[in-house]
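**Student:** Under the working numbering, the residues of the sequence shown are numbered 52 to 301, in order. Let me give you the structure first, and then I'll get to my questions.
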Amino acid sequence: MCRYLKSLTIIIALSLTLAACSQEVQPSRTAVTSTPASTSPPSLPAASPAPPTEETVPITLPVLDALLADEKFRADLKSKLQLTDEQINALRKISSDEVAKLRRSNAENQPGSAEAARQNAIEAIQRAVGIEKSDRLLVLAREHWNKGNEELETKAAKEAEPTMLKGPNAVPKDTRIVVNIPAFRMDVFENGSLIKSYKIGIGYPQFPLPIGLRKAQMIIFNPTWTPPDSPWVDSMNVTPGEIIEAGSKQ
């Protein structure tokens, strides 16, 4: 009986020892399995490049001067940007002074770049109306310049409009005016036939040329017109701002 009790005591002791060992080992094993192995972070997919935005005409001071001659643009400056008459007059003076300077120095021979002219305009506008309104003014100016101050056509009307010609020398099948930039030429077509061609000047950095398609409601030959305050007017027998009557040879 004593031998049986002794054996039972030994078995119980061994069981307790094994249980204690099991309890000591178990936390260690759990810790290992719950800790992820040190690996390099998964590479993230490269961000897709942003889609290109529609190219916009840089707003320079001479461009702003032309826009400020439009009563609708000035009205929008007041209603949408809350500019005062004093601020608008300051903008008109800044822009007209720049045009006068170009006229005196013969702008065609100036080495300036479009970027320099654009930056000069931004700084001048910021001084006149502040940074916040300057940014909004530039957006509004581009809208007026690109859209020709016309309301957007409805979707159906847009689909019916003629499309851009493929290449500078392509001949349209409809009636339109085509400005051929590489050839420094403006052509007037009627039902696909060339009826008149003019040699023209194609601007310079301070007057970026807008590119695109616009709808003409009417084409008038030799209309009433007003010479702008531009260098090329000096070679003509007219005065900037003078109204030239229709039919005049000027």
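Glycine included, C-beta positions come from ideal geometry on N, C-alpha and C.
In terms of alpha-carbon separation, which member of Ser130, Ala117 and Ala234 lies closest to proline 279?
**Tutor:** Looking up residue 279 in the sequence shown gives position 228. The shortest C-alpha separation from proline 279 is found at Ala117.
**Student:** For proline 274, count neighbouring Cβ atoms within 10 angstroms of its own Cβ and tell me buried if that reaches 16, exposed if not.
**Tutor:** As a position in the sequence shown, residue 274 is number 223, starting the count at 1. Flag for proline 274 reads exposed.
**Student:** Please state whether DSSP places asparagine 242 in a helix, a strand or coil.
**Tutor:** As a working mapping, residue 242 is identified with position 191 in the sequence shown. In the structure shown, asparagine 242 sits in coil (DSSP, three-state: anything other than H, G, I, E or B).
**Student:** Assuming threonine 277 and isoleucine 294 are in contact, meaning their beta carbons sit under 8 angstroms apart, how far apart are those beta carbons, in whole angstroms?
**Tutor:** Translated into the one-based positions of the sequence shown, residue 277 becomes position 226. Translated into the one-based positions of the sequence shown, residue 294 becomes position 243. Sure, about 6 angstroms apart at Cβ, within 8 angstroms.
**Student:** How should aspartate 127 be labelled, buried or exposed, when 16 other C-beta atoms within 10 angstroms of its C-beta is the threshold for buried?
**Tutor:** Position 76 of the sequence shown, counted from the first residue, corresponds to residue 127. Flag for aspartate 127 reads buried.
**Student:** Just to confirm before moving on: does the CB-CB distance between glycine 20 and lysine 266 stay below 7 angstroms?
**Tutor:** The requested residue 20 does not occur in the structure, where the chain is confined to residues 52 to 301.
**Student:** Starting from the C-beta of glycine 181, find all residues in its chain whose C-beta is less than 6 angstroms away, skip the five residues before and the five after it, and write them out in chain order.
**Tutor:** In the sequence shown, residue 181 corresponds to position 130, counting from 1. Contacts found: none.
**Student:** Grab the span of the beta strand (DSSP E) containing proline 229 for me, first residue to last.
**Tutor:** In the sequence shown, the residue the question calls residue 229 occupies position 178. Sequence check: residue 229 is valine here, not proline. Looking at the DSSP string, the run of the beta strand (DSSP E) that includes valine 229 is 227 to 231.
**Student:** Determine the extent of the alpha helix (DSSP H) in which serine 281 is found, giving its start and end residues.
**Tutor:** In the sequence shown, the residue the question calls residue 281 occupies position 230. Here serine 281 belongs to no alpha helix (DSSP H), and DSSP marks it neither H nor E.
**Student:** I'd like the list of long-range same chain contacts for proline 19, defined as Cβ closer than 7 angstroms, with 5 residues on each side in sequence excluded.
**Tutor:** For residue 19 there is no data in the structure shown, the boundaries of the chain being 52 and 301.
**Student:** Alpha carbon to alpha carbon, how far is leucine 191 from phenylalanine 124? Give it in angstroms, no decimals.
**Tutor:** Start at 1 with the first residue of the sequence shown, and residue 124 comes out as number 73. Start at 1 with the first residue of the sequence shown, and residue 191 comes out as number 140. If you draw a straight line from the Cα of phenylalanine 124 to the Cα of leucine 191, it is about 8 angstroms long.
**Student:** Starting from glutamate 296, follow the alpha helix (DSSP H) in both directions and report where the run begins and ends.
**Tutor:** Taking the first residue of the sequence shown as position 1, residue 296 is located at position 245. Where glutamate 296 is concerned, there is no enclosing alpha helix (DSSP H), given that its DSSP letter is neither H nor E.
**Student:** Spatial neighbours of isoleucine 228 within its chain, please: CB distance less than 6 angstroms, with the 5 preceding and 5 following residues excluded, ordered by chain position.
**Tutor:** By one-based count along the sequence shown, residue 228 stands at place 177. Here the set comprises Val239.
**Student:** With distances taken Cα to Cα, identify the nearest neighbour of glutamate 122 among Leu153, His195 and Ser146.
**Tutor:** On the sequence shown, position 71 is the one that residue 122 refers to. Comparing Cα-Cα distances from glutamate 122 to each of Leu153, His195 and Ser146, the minimum goes to His195.
**Student:** Given a threshold of 16 other Cβ atoms within 10 Å of its Cβ, counted over all protein chains shown, does isoleucine 262 qualify as buried or as exposed?
**Tutor:** Counted from its first residue, the sequence shown places residue 262 at position 211. Burial call: exposed.
**Student:** Hey, could you find the ends of the alpha helix (DSSP H) arginine 193 is sitting in?
**Tutor:** The count along the sequence shown starts at 1 and reaches residue 193 at position 142. Segment 182 to 198, the alpha helix (DSSP H) holding arginine 193.
**Student:** So, is threonine 111 buried or exposed, given that buried needs 16 or more other C-beta atoms within 10 angstroms?
**Tutor:** Here residue 111 refers to the residue found at position 60 of the sequence shown. Result: buried.
**Student:** Measuring alpha carbon to alpha carbon, tell me which of Gln268, Lys129, Leu119 and Asn171 ends up nearest proline 109.
**Tutor:** The residue labelled residue 109 in the question sits at position 58 within the sequence shown. It is Asn171.
**Student:** In terms of residues, what are the limits of the alpha helix (DSSP H) holding leucine 119?
**Tutor:** Numbered from 1 along the sequence shown, position 68 holds the residue referred to as residue 119. Counting along the chain, the alpha helix (DSSP H) containing leucine 119 begins and ends at 112 to 119.
**Student:** Please say whether leucine 142 and alanine 179 have beta carbons closer to each other than 7 angstroms?
**Tutor:** Start at 1 with the first residue of the sequence shown, and residue 179 comes out as number 128. Start at 1 with the first residue of the sequence shown, and residue 142 comes out as number 91. Yes.
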